[in-house]
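2 protein chains.
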Amino acid sequence: MLGTGVVGRTIGSALTEHGHRVCLGSRTADNLTAGEWVASAGAGASQGMFADAAEFGEVVFNCTPGVVSLSVLATIPADALAGKVLIDVSNPLDFSAGFPPLLSVAVTDSLGEQIQRASPEARVVKALNTLNADLMVRPSALAGRHDLFIAGDDDDAKEQVRTILAEFGWDLRDVHDLGGIAAARGPEMYLPLWLQLMGALGTAAFNVHVVREVPPSG
Amino acid sequence: MLGTGVVGRTIGSALTEHGHRVCLGSRTADNLTAGEWVASAGAGASQGMFADAAEFGEVVFNCTPGVVSLSVLATIPADALAGKVLIDVSNPLDFSAGFPPLLSVAVTDSLGEQIQRASPEARVVKALNTLNADLMVRPSALAGRHDLFIAGDDDDAKEQVRTILAEFGWDLRDVHDLGGIAAARGPEMYLPLWLQLMGALGTAAFNVHVVREVPPSG
Numbered sequence: 296m297l298g299t300g301v302v303g304r305t306i307g308s309a310l311t312e313h314g315h316r317v318c319l320g321s322r323t324a325d326n327l328t329a330g331e332w333v334a335s336a337g338a339g340a341s342q343g344m345f346a347d348a349a350e351f352g353e354v355v356f357n358c359t360p361g362v363v364s365l366s367v368l369a370t371i372p373a374d375a376l377a378g379k380v381l382i383d384v385s386n387p388l389d390f391s392a393g394f395p396p397l398l399s400v401a402v403t404d405s406l407g408e409q410i411q412r413a414s415p416e417a418r419v420v421k422a423l424n425t426l427n428a429d430l431m432v433r434p435s436a437l438a439g440r441h442d443l444f445i446a447g448d449d450d451d452a453k454e455q456v457r458t459i460l461a462e463f464g465w466d467l468r469d470v471h472d473l474g475g476i477a478a479a480r481g482p483e484m485y486l487p488l489w490l491q492l493m494g495a496l497g498t499a500a501f502n503v504h505v506v507r508e509v510p511p512s513g
Numbered sequence: 296m297l298g299t300g301v302v303g304r305t306i307g308s309a310l311t312e313h314g315h316r317v318c319l320g321s322r323t324a325d326n327l328t329a330g331e332w333v334a335s336a337g338a339g340a341s342q343g344m345f346a347d348a349a350e351f352g353e354v355v356f357n358c359t360p361g362v363v364s365l366s367v368l369a370t371i372p373a374d375a376l377a378g379k380v381l382i383d384v385s386n387p388l389d390f391s392a393g394f395p396p397l398l399s400v401a402v403t404d405s406l407g408e409q410i411q412r413a414s415p416e417a418r419v420v421k422a423l424n425t426l427n428a429d430l431m432v433r434p435s436a437l438a439g440r441h442d443l444f445i446a447g448d449d450d451d452a453k454e455q456v457r458t459i460l461a462e463f464g465w466d467l468r469d470v471h472d473l474g475g476i477a478a479a480r481g482p483e484m485y486l487p488l489w490l491q492l493m494g495a496l497g498t499a500a501f502n503v504h505v506v507r508e509v510p511p512s513g
């Protein structure tokens, strides 16, 4: 797990609850937030530097803020990620001009693509970037079906991601495969609408469901 | 109605069916597509140049392709739009590099804002740009609730838009007011995801529903 924020800790805890071992990675080996998480998450939880976490994982999650993700990846030796599934949960949100944040990459490129280019031997899958951390690992917190979007160049990697999502309780009918990693642009450019909806609804506890059923005829 | 494409004709027909009179505007007074539409739509339907349609309407819909919307508005005298509700249905999709199209404006600006700046005396409301024409005017074509997003600086104008949407059959609980016209950025930047979903689902007959209900406790 790359990143010790709410997203990294929430996904990390969900994984340990499902019996996986998780190393939470940060810039320093003795990060205080990571230490508290290790103490609370119990068996199977550990911490280390980003490179340690990348080395440790069979599957690696990028949960760092999008504007620093590339600099984090630059601290990780290529060997540590070679052939591995790298699930990119991050969003390229630049808060330097205040709220709402602006996308730091969009339209003709995406953070998912940048990460794939920076880690060409990893198998990058964009996933889980379109909803808040609690819902990522506990979809049943909302009543009714709601959906996820995944994108990546490697079909086997996407299948591994779907297996993890099913562990979290996702109905795989609601996980939409949008195509190759260039399709990360859509879910990333959805973020401004998500932020506006959060403001309009007064909560981050929402998600979208793709409705495509037609009414019964007659 | 500005624009004689599928969107303009579909909304125009829905309005005439609800008893409104509609003038379909284009670059020329004798546009063939508009003429065929007038013949088929019957009483209440007419055609003219863009300026004629703007002058005619109490409420004006911009249904022109986004990349030409500003040039279309430049052909309309400011008086023709002063004080009127201008519903911007368009999307800034640039197909010049093929499919998928790229957004011609995004992140720090939007077509809705550009149109409001170009027509400062009009009351611009972004609406209906996030789904296909048939669903805009016939939401019951999908089973179950699905949603719309509106944005604009004038609350009274947004209320007029809601009245029209209710005529089309929309459940106003599912019409999300995102704020001022700068909030047009979100629904416009959602388009790349919409296009990807259309590809993944193999149909344009879909829309999203914002799910925010929590399950009953206990």
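Line order of the protein sequences matches chains G and X.
Just so we're aligned: the first sequence equals residues 296 to 513 in my numbering.
Just so we're aligned: the second sequence equals residues 296 to 513 in my numbering.
Idealized CB from N, CA, C, for every residue including glycine.
This structure is a prediction, so every number in the text was calculated from the model and none was measured.
Ordered list of beta strand (DSSP E) runs contained in the segment 316 to 388 of chain G, each at least 3 residues: For the segment 316 to 388 of chain G, whole beta strand (DSSP E) runs of length 3 or above, ordered along the chain, are 317 to 321, 340 to 344, 354 to 357 and 380 to 383.
field: Proximity winner among X:Ala417, X:His504, X:Ala349 and X:Ser391, relative to aspartate 451 of chain X (alpha-carbon distances)
entry: Counting from 1 along the second sequence, the entry for residue 451 of chain X is found at position 156. It is X:Ala417 whose Cα lies nearest to the Cα of aspartate 451 of chain X.
field: Spatial neighbours of valine 317 of chain X in its chain, beta-carbon cut-off 6 Å, leaving aside the 5 residues before and after
entry: On the second sequence, position 22 is the one that residue 317 of chain X refers to. If we look at valine 317 of chain X and ignore the five residues flanking it on each side, its Cβ neighbours are Met296, Gly307, Leu310, Thr311 and Ala340.
query: Touching or not, the segment 482 to 498 of chain X and the segment 399 to 415 of chain X, by the rule of three or more beta carbon pairs under 8 Å?
result: Three or more pairs of CB atoms, one per stretch, sit closer than 8 Å, so the segment 482 to 498 of chain X contacts the segment 399 to 415 of chain X.
query: Using a C-beta cutoff of 7 Å, does proline 487 of chain X count as contacting chain G?
result: Taking the second sequence and counting its residues from 1, one reaches residue 487 of chain X at position 192. It does: the Cβ of proline 487 of chain X has a partner Cβ on chain G nearer than 7 Å.
field: Candidates G:Val354, G:Val301, G:Thr498 and G:Leu430: closest to glycine 378 of chain G by CA position
entry: Here residue 378 of chain G is taken as the residue at index 83 of the first sequence, counted from 1. Of the candidates G:Val354, G:Val301, G:Thr498 and G:Leu430, the one whose C-alpha sits nearest the C-alpha of glycine 378 of chain G is G:Val354.
message: With the cut-off set at 7 Å, would you say leucine 423 of chain G and methionine 431 of chain G are in Cβ contact?
response: Here residue 423 of chain G is taken as the residue at index 128 of the first sequence, counted from 1. Here residue 431 of chain G is taken as the residue at index 136 of the first sequence, counted from 1. Yes, the pair counts as a contact, with Cβ atoms nearer than the cut-off.
- request: Quick one: list the residues of chain G neighbouring arginine 433 of chain X, beta-carbon separation under 8 Å, in chain order.
  value: The residue given as residue 433 of chain X occupies position 138 in the second sequence. Chain G residues near arginine 433 of chain X: none, gap ~11 Å exceeds 8 Å.
task: Would you mind telling me which residues of chain G sit closer than 9 Å to glycine 474 of chain X, beta carbon to beta carbon, in chain order?
output: For this step, residue 474 of chain X is matched to residue 179 along the second sequence. Within 9 Å Cβ-Cβ: Gln491, Gly494 and Ala495.
field: Residues sharing a beta bridge with glycine 303 of chain X, DSSP
entry: As a working note, residue 303 of chain X is residue 8 in the second sequence. Glycine 303 of chain X pairs with nothing; no bridge assigned.
task: Tell me whether the beta-carbon of isoleucine 459 of chain X lies closer than 7 Å to the beta-carbon of valine 420 of chain X.
output: Here residue 459 of chain X corresponds to residue number 164 of the second sequence, with the count starting at 1. Here residue 420 of chain X corresponds to residue number 125 of the second sequence, with the count starting at 1. Not closer than 7 Å, so no.
message: Residues of chain X with CB closer than 9 Å to the CB of valine 503 of chain G, please, in chain order.
response: By one-based count along the first sequence, residue 503 of chain G stands at place 208. Ordered by position in chain X, the residues that pass the 9 Å Cβ test against valine 503 of chain G are Asp442, Val503, His504, Val505 and Val506.
Residue burial classification, histidine 313 of chain G (beta-carbon count within 10 angstroms, cutoff 16): One-based indexing of the first sequence puts residue 313 of chain G at position 18. Taking every protein chain shown into account, the CB of histidine 313 of chain G has fewer than 16 other CB atoms within 10 angstroms, so this residue is exposed.
message: According to DSSP, is glycine 481 of chain X part of a helix, a strand, or is it coil?
response: Position 186 of the second sequence, counted from the start, is the residue given in the question as residue 481 of chain X. Helix.
- request: For the segment 405 to 433 of chain X, enumerate the residues whose C-beta is nearer than 7 Å to any C-beta of chain G, in chain order.
  value: Taking 7 Å as the Cβ-Cβ cut-off against chain G, none of the residues of the segment 405 to 433 of chain X qualify.
field: Sheet register partners of arginine 418 of chain X (DSSP bridge)
entry: What you label residue 418 of chain X is simply residue 123 of the second sequence in a count that begins at 1. Paired residues: X:Val380.
message: Tell me the rounded alpha-carbon separation between alanine 349 of chain G and valine 384 of chain X.
response: Locating residue 349 of chain G in the first sequence gives position 54, counting from the first residue. Locating residue 384 of chain X in the second sequence gives position 89, counting from the first residue. For alanine 349 of chain G and valine 384 of chain X, the distance between alpha carbons rounds to 46 Å.
message: Counting C-beta neighbours from all protein chains within 10 Å, is the total for arginine 304 of chain X 16 or more, i.e. buried, or is it exposed?
response: Numbered from 1 along the second sequence, position 9 holds the residue referred to as residue 304 of chain X. Buried, by the Cβ-count rule.
Aspartate 325 of chain G classed as buried or exposed, judged by whether at least 16 other C-beta atoms fall within 10 angstroms: The count along the first sequence starts at 1 and reaches residue 325 of chain G at position 30. Exposed: under 16 other Cβ atoms inside 10 Å.
- prompt: What are the partner residues of histidine 471 of chain X, as DSSP defines its beta bridges?
  reply: In the second sequence, the residue the question calls residue 471 of chain X occupies position 176. Under DSSP, histidine 471 of chain X takes part in a beta bridge, and its partners are X:Phe444.
query: Who are the near neighbours of valine 302 of chain G in its chain, counting only those whose CB is closer than 7 Å to its CB and skipping five residues on each side?
result: Residue 302 of chain G sits at position 7 when you count from the first residue of the first sequence. Leaving aside the five residues that flank valine 302 of chain G on each side, the residues in its chain whose CB is nearer than 7 Å to its CB run, in chain order, Cys358, Val384 and Ala428.
- prompt: Using a Cβ-Cβ distance under 7 Å, would proline 510 of chain G count as near chain X?
  reply: In the first sequence, residue 510 of chain G corresponds to position 215, counting from 1. It does: the Cβ of proline 510 of chain G has a partner Cβ on chain X nearer than 7 Å.
C-alpha gap between phenylalanine 390 of chain G and arginine 468 of chain X, whole angstroms: Within the first sequence, the letter at position 95 stands for residue 390 of chain G. Within the second sequence, the letter at position 173 stands for residue 468 of chain X. Arginine 468 of chain X has its alpha-carbon roughly 31 Å from the corresponding atom of phenylalanine 390 of chain G.
message: Taking the straight line between their C-alpha atoms, what separation do you get for alanine 495 of chain X and aspartate 442 of chain G?
response: Along the second sequence, one-based indexing puts residue 495 of chain X at 200. Along the first sequence, one-based indexing puts residue 442 of chain G at 147. Answer to the nearest angstrom: the Cα atoms are 14 Å apart.
- prompt: List, in order along the chain, the chain X residues whose C-beta lies closer than 7 Å to that of alanine 478 of chain G?
  reply: Numbered from its first residue, the first sequence carries residue 478 of chain G at position 183. Contacts between alanine 478 of chain G and chain X, judged by CB atoms closer than 7 Å, involve Gln491 in chain order.
Exposure label - leucine 388 of chain G; buried when at least 16 CB within 10 Å: Looking up residue 388 of chain G in the first sequence gives position 93. The residue in question, leucine 388 of chain G, is buried, as its Cβ has 16 or more Cβ neighbours within 10 Å.
message: Please classify alanine 329 of chain X as buried or exposed, where buried requires at least 16 neighbouring CB atoms within 10 angstroms.
response: The residue labelled residue 329 of chain X in the question sits at position 34 within the second sequence. The residue is buried, with at least 16 neighbouring Cβ atoms inside 10 Å.
field: Within chain G, the residues that proline 482 of chain X reaches when beta carbons sit closer than 7 Å
entry: Along the second sequence, one-based indexing puts residue 482 of chain X at 187. Scanning chain G for C-beta atoms nearer than 7 Å to the C-beta of proline 482 of chain X yields Leu488, reported in chain order.
query: Does the Cβ-Cβ distance between threonine 370 of chain G and phenylalanine 345 of chain G come in under 7 Å?
result: For the purposes of this step, residue 370 of chain G is taken as the residue at position 75 of the first sequence. For the purposes of this step, residue 345 of chain G is taken as the residue at position 50 of the first sequence. Inclusion of threonine 370 of chain G and phenylalanine 345 of chain G in the CB contact set at 7 Å is warranted, their separation being smaller than that value.
- request: Consult DSSP for leucine 398 of chain X and reduce its assignment to one of helix, strand or coil.
  value: Stepping through the second sequence from its first residue, residue 398 of chain X is reached at position 103. Here leucine 398 of chain X sits in strand by DSSP.
- prompt: Would a C-beta distance cut-off of 7 Å place valine 402 of chain X and leucine 397 of chain G closer than the cut-off?
  reply: Taking the first residue of the second sequence as 1, we reach residue 402 of chain X at position 107. Taking the first residue of the first sequence as 1, we reach residue 397 of chain G at position 102. It is a contact, given that the beta carbons lie within the stated cut-off.
message: Looking at chain X, is there any beta carbon in it that lies within less than 7 Å of the beta carbon of alanine 452 of chain G?
response: Stepping through the first sequence from its first residue, residue 452 of chain G is reached at position 157. Not one chain X Cβ lies under 7 Å of alanine 452 of chain G.
Chain-ordered residues of the segment 377 to 407 of chain G with a beta carbon less than 8 Å from chain X: From the segment 377 to 407 of chain G, only Leu397, Leu398, Ala401, Val402 and Thr403 have a Cβ closer than 8 Å to chain X.
- prompt: Per DSSP, leucine 486 of chain G is paired with what?
  reply: Here residue 486 of chain G refers to the residue found at position 191 of the first sequence. Residue pairing for leucine 486 of chain G: DSSP places it in no beta bridge.
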